[in-house]
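Following: one structure in structure tokens, then a few remarks.
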């Protein structure tokens, strides 16, 4: 998450954003699964994956954002409630939890991509005009 939180903060130039995106893809992305929480560990977490998806939307890369969103949605139960993550060496949901903040991250990412609500631009534009 250290590699894409600066993007979410809005403090980077477009050139810097591209560097952070490339770094995240090269060091944390597991093809077909999503974003690893920790580079050295074999687990992908849904919340971190969807936070990165928002960063991709901020970087004007909706095509890749949609692809990774679809990958992350596979880590859900029969009611489409996302698990916290997936341990891809043992092939198990890990941890076997479904916290609400994980679902919230999925909703925010999907909204950023598809603009379902008036809040879809939360991370995409300067919100200072609200104050």
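Numbering (this note's numbering), first residue to last: -8 to 122. Built from N, CA and C at the ideal position, the CB exists for glycine as well.
With fewer than 16 other Cβ atoms inside 10 Å of its own Cβ, residue 92 counts as exposed.
Per DSSP, residue 37 lies in no beta strand (DSSP E); the unbroken alpha helix (DSSP H) holding it starts and ends at 37 to 49. For the pair residue 49 and residue 115, the CB atoms are nearer than the 8 Å cut-off. With contacts defined by Cβ atoms closer than 8 Å, residue 110 and residue 102 form a contacting pair. The beta carbon of residue 19 sits closer than 7 Å to those of -6, 26, 27 and 30, all from its chain and outside the five residues before and after it, given in chain order. The residue among 1, 38, -4 and 9 with its C-alpha nearest the C-alpha of residue 89 is 38. The beta carbon of residue 1 sits closer than 7 Å to none of the beta carbons in its chain outside the five residues before and after it.
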